[in-house]
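A.B. asks: Below is one structure. I have some questions about it.
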Amino acid sequence: MKNKKIYIVFCILLVIIILLTVTKEMQNDTFFTIATGKHILQDGYDNVDHLTWHENLGFYKLRWAFDVAIAFIYNTFGFAGIYAFVVLIACLTALSLFNILLKQKNNTVLSFIATVISMLLMTSNWAFTARGQIISYLLLLLEIYFIEKMISTKQKRYYIIFFIISVLIVNFHASVWYMTVILILPYLAEAIMHRLMKNKNLEKSKIILEPISIKMLIIAILCLALGSFISPIGTYTYTYMFKVIGGISSTFISELQQTDIISSIGMILGLIVIDVLMLATKSKMKLSDILLFFGLYFMAILARRNQAFLYLIGTIPVVRLITNFFETYDTENILEKVNNFFSKNWVLGCTTIVIVIGLSSNMVTRIREKYVNEKKYPVEAVNFIKENLDYKNLKIYNSFNYGSYLELSGIPAFVDSRSEIFTEEFNNVTILKDWLETSRGNVNYNDTFAKYEIDYAIVEDKEIINKMADAVSKSHEYIASLTKNEDEKKKFMRVLPYYINFQRSSCAILVYANEYKMVEEKILRENNVGEDIIEVMKSTQSAAQGIGAAVENFMLAATAMGYGTCYMTGPAHAKKEIEEIINFEKPEYSLMSIISLGVPADETPDSPKRKPLEEVVTFI
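Take any residue in the sequence shown, note its place counting from 1, add 521, and you have its number in our numbering.
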């Protein structure tokens, strides 16, 4: 290494970037991971589900070693320990990538920039959380390094490393074990093509074919295959992915769905760089690099969960192509000059300051961030259940995102984010299908509750609430656009946050009423009394008064139970759109108001100053 100082500073900066970008917030899977690991530590390993109240559900623990490790850390250090562990693995991954890139062409600045981009793309996609994937990222990255070391040195000692990597992945994150073999295939393809094309002149070609031992690569694959059986799940490693692909969970779980390329900036930029440098320049690229990058790109399109592999491992061939470009066209040694420039103390100091300032908002976020987001998970509801109910002997129906948190708290759940175990293809049950149909409104919840003998329900459905808020906002903005008075328009728009207040609440209660038929009106009309007299009688708005009294009683009862409420009539100007969203099918009823209901915030404002009694009351 030409400049040790710049190397050390960049390593420190990578650690700082990881600390400021990796979230403290625990994710769904972390909760059931802890719960599963606790059970294994207490009762040993088996292939049975112990977290839900369903009977006879099989559950092959594809991350059992990771579950145990996370449970041990949680038992010893709590969520803080888990966060520290995630940060440690993320730092090791970043430093490993940096050093792998650096060993290729020994360009410190380019390697650092590429590593930073890779890490930012991964952290922005929640790649580094307490899930088995963080171990597989590091191991698969190291596998690429050792594959290329084996190819360059032709030493057989690396076989044992592939075996160890396979054993670790199949026990820490078996669902991605197939990646260990896939990563070797580009090199095997290059080896085969080199043998087929060895008598042809490829000097003018942009594709480089290097002599690679086919035998060594096949033995490496066999070592990986052998390692896959050193696990309590046996051959389940090979059947799992096929069941997932063909099952209902692949259409439901977001990370298993196809990638929306338009929204994936990192993927697009990487593809553009590759295409431009390959097609518009004289730069050359190894066939294995081309196949590796585009193979990862294709996998990232097939499933969102694979994007992280592209951002991490795909960086290696991209950087190689970029360095090849500079070697071809850089007659003035620009990269070397850049390295020398960054070796100056004041430049390194300024770089550090710029990075820290650029991520200062992240620093504030990390400090304020809680390990458990109480807006996402039913913290208060769980406390209530544990204090007031015999939850071990109850069948509680829950939303998909709540299940894992219930299980961490020792409350058996209906479903959780281990979606596959609730399907026909894995356990010959329709639990997930029933939950989906019920949550979408295709099946009446009473039928589902009767089928499973549900005692209590704890659910969320923010999708409908968000759609309602959008409808109110659009209607509000349309009304505002009709006025020509800017002051009036601004005044009207200022009340919009209050009209969509229900979006922030746990639930929104829609108050409907039908026509209030007064006996007096019937008598008067039958006797041909004038409309002016009837209108005077109807001006009391008995229906509205009745609704107001009912709403008041509801709000008082909610307050007595410790809940907060907000009564709104403003959203009713979007009643037609709201009725379409909730599929309301009673035309004789009309939306009158919406009540927000939820746990009040700690910073509840003081009540407004009361008016004098004589101002609101007239004594006769």
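Idealized CB from N, CA, C, for every residue including glycine.
All of these numbers come straight from a predicted model, not from anything done at the bench.
#1: Along the chain, where does the alpha helix (DSSP H) containing ASN1049 start, and where does it finish?
#2: Return the first residue and the last residue of the beta strand (DSSP E) that ILE1030 is part of.
#3: Going along the chain, which unbroken runs of the alpha helix (DSSP H) with 4 or more residues stay wholly within the stretch 537–575?
#4: Secondary structure at MET718, three-state DSSP: helix, strand or coil?
#5: If you draw a straight line from the C-alpha of ILE495 to the C-alpha of TYR699, how long is it?
#6: For PRO1133, count the other beta carbons within 10 Å of its own beta carbon; 16 or more makes it buried, fewer makes it exposed. Which is it?
#7: Taking 9 angstroms as the threshold (C-beta atoms), are PHE580 and ASN1148 in contact?
#8: Report all residues from its chain with a CB closer than 6 angstroms to the CB of LEU812; omit the five preceding and five following residues, and keep chain order.
#9: Do the CB positions of THR644 and THR542 come within less than 9 angstroms of each other?
#10: Just verifying my parser: in three-state terms, what is the DSSP assignment at VAL1138?
#11: For THR836, count neighbouring C-beta atoms within 10 Å of its own C-beta (all shown protein chains included) and say buried if the count is 16 or more, exposed if not.
#12: Give a yes or no on whether 9 angstroms exceeds the smallest Cβ distance from VAL536 to chain D.
#13: Could you name the residues that DSSP lists as bridge partners for LYS807?
#14: Quick one: what does DSSP say GLY755 is sitting in, helix, strand or coil?
#15: Got a sec, what are the start and stop residues for the beta strand (DSSP E) ILE917 sits in?
#16: What residues in its chain sit with their C-beta under 8 angstroms from that of VAL1089, if we drop five residues either side in the sequence?
#17: Per DSSP, what are the beta-bridge partners of CYS1087 in this structure?
#18: Let me check understanding here. Comparing Cα to Cα, which of TYR1033, PHE1140, GLU946, LYS1043 lies closest to LYS764?
#19: My parser needs the beta strand (DSSP E) runs of 3 or more residues fully inside the stretch 979–1034; what are they?
#20: Given CYS532, which residues of its chain have a CB within under 8 angstroms of its CB, disregarding the five upstream and five downstream residues?
#21: Rounded to whole angstroms, what is the Cα-Cα separation between VAL530 and ASN549?
#22: One question on the structure: do THR760 and SER749 come within less than 9 angstroms of each other, judged by their Cβ atoms?
#23: Closer than 8 angstroms is the cut-off here; do at least three beta carbon pairs connect the stretch 997–1010 with the stretch 1036–1056?
#24: Any chance the stretch 589–609 sits against the stretch 623–643, with 3 or more Cβ pairs inside 8 angstroms?
#25: Count the other C-beta atoms from every protein chain shown that fall within 10 angstroms of the C-beta of SER726, then say buried if there are 16 or more, exposed otherwise.
#26: May I ask whether a heavy atom of the ligand HEM can be found less than 8 angstroms away from the beta carbon of ASN948?
#27: Considering only residues of the stretch 620–685, which uninterrupted alpha helix (DSSP H) runs meet the minimum length of 4 residues and lie entirely inside it, listed in chain order?
#28: Taking the alpha helix (DSSP H) that TYR973 falls in, what are its first and last residues?
#29: Which value, in whole angstroms, describes the spacing of the CA atoms of ASN628 and ILE789?
#30: Reducing DSSP to helix, strand and coil, say where TYR977 ends up.
#31: When you compare only the Cα positions, how much space is there between ILE537 and ALA1029?
#32: With 16 other CB atoms within 10 Å as the buried threshold, where does VAL936 fall?
#33: Going by the beta-carbon positions, is the gap between ILE728 and MET671 smaller than 9 angstroms?
#34: For the alpha helix (DSSP H) holding LYS907, just list the boundary residues, first then last.
#35: What does DSSP give as the partner residues of TYR1110 in its beta bridges?
#36: Do you know whose CA, among TYR832, ILE888, ILE1102, lies nearest ARG961's CA?
C.D. replies: Looking at the atomic coordinates:
#1: First-last for ASN1049: undefined, no H or E at that position.
#2: 1028–1035
#3: 549–564
#4: coil
#5: Only positions 522 to 1141 of the chain appear in the structure, and residue 495 is not among them; the question remains open.
#6: exposed
#7: Residue 1148 falls outside the range modelled here, since the chain spans only 522 to 1141, and no answer is possible.
#8: PRO707, ALA710
#9: yes
#10: coil
#11: buried
#12: No chain D is present in this structure, which holds just one protein chain.
#13: ILE729
#14: coil
#15: 917–919
#16: The question names Val, but residue 1089 is Met in the sequence shown. The answer, listed in chain order, is TYR1019, TYR1020, ASN1022, PHE1023, SER1114, ILE1115, ILE1116, SER1117.
#17: SER1117
#18: GLU946
#19: none
#20: LEU616, PHE619
#21: 36 angstroms
#22: no
#23: no
#24: no
#25: exposed
#26: In terms of ligand content, the structure shown is empty, and the ligand HEM therefore cannot be addressed.
#27: 629–645, 654–674
#28: 966–973
#29: 25 angstroms
#30: strand
#31: 42 angstroms
#32: buried
#33: no
#34: 900–909
#35: ASN1035
#36: ILE1102
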